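Structure record follows, encoded as structure tokens.
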Amino acid sequence: MDPNMLAYASLTLMLIFLVFKLFKKSMHLPPKLPIIGRFYVIKEPLTTDYRTLDTLSKTFGPVFSLCFGSFLIVIVSSLAAVDECFTKNDVVLASRPRFTLGKYIGYNWSIMALAPYGDH
7 MDPNMLAYAS LTLMLIFLVF KLFKKSMHLP PKLPIIGRFY VIKEPLTTDY RTLDTLSKTF
67 GPVFSLCFGS FLIVIVSSLA AVDECFTKND VVLASRPRFT LGKYIGYNWS IMALAPYGDH
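Numbering (this note's numbering), first residue to last: 7 to 126.
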């Protein structure tokens, strides 16, 4: 394969990736820093974290998400949204996340500690 063709193809793929990354809308997320994610948002000790989350909910709305390291955490702060999460969508939200560890070490998520909610 021609080296110029390979360079153009890789440059095009990188450009497409950057365009999609720049125009990706994340309205319900505070800005994220590399490696630490959004740990900087929680500045106060654990006893006053509710105040920080309250100010974030006033800024980003009643349902928003934060990345703490590699984990995406969804924060629900309004009574109507909590009611919807725990009554209408409880089966959908009750399952465990599907990590690669559960697939390979957990025999396709069949170990009880790694199994998703429902029949398996």
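In this text, a Cβ means the ideal position worked out from N, Cα and C, and glycines have one as well.
Only a predicted model underlies this, so the values are computations on that prediction, with no experimental measurement involved.
Between F23 and M11, what straight-line distance do the alpha-carbon atoms span, to the nearest angstrom? As a first step, residue 23 must be located in the sequence shown, where it is residue number 17. As a first step, residue 11 must be located in the sequence shown, where it is residue number 5. Cα-Cα distance, rounded: 18 Å.
Helix, strand or coil: which one does DSSP assign to F26? Position 20 of the sequence shown holds residue 26. DSSP places F26 in helix when its eight states are reduced to three.
For the beta strand (DSSP E) that L85 lies in, which residues bound it at each end? Residue 85 sits at position 79 when you count from the first residue of the sequence shown. Here L85 belongs to no beta strand (DSSP E); instead the alpha helix (DSSP H) covers L85 to D89.
Out of V25, P103 and V69, point me to the one whose CA is closest to C91's CA. As a position in the sequence shown, residue 91 is number 85, starting the count at 1. For C91, the nearest C-alpha among the options comes from V69.
Find the nearest neighbour of K38 within the set M118, V98, C73 and V97, judged by alpha-carbon distance. Residue mapping note: residue 38 aligns to position 32 of the sequence shown, counting from 1. Nearest of M118, V98, C73 and V97 to K38, Cα basis: C73.
Spatial neighbours of S84 within its chain, please: C-beta separation below 7 Å, excluding the five flanking residues on both sides. The count along the sequence shown starts at 1 and reaches residue 84 at position 78. Excluding residues within five positions, the ones whose Cβ falls inside 7 Å are P68.
Between which two residues does the beta strand (DSSP E) carrying L72 extend? Mapped onto the sequence shown, residue 72 falls at position 66. Run containing L72: V69 to F74, per the beta strand (DSSP E) assignment.
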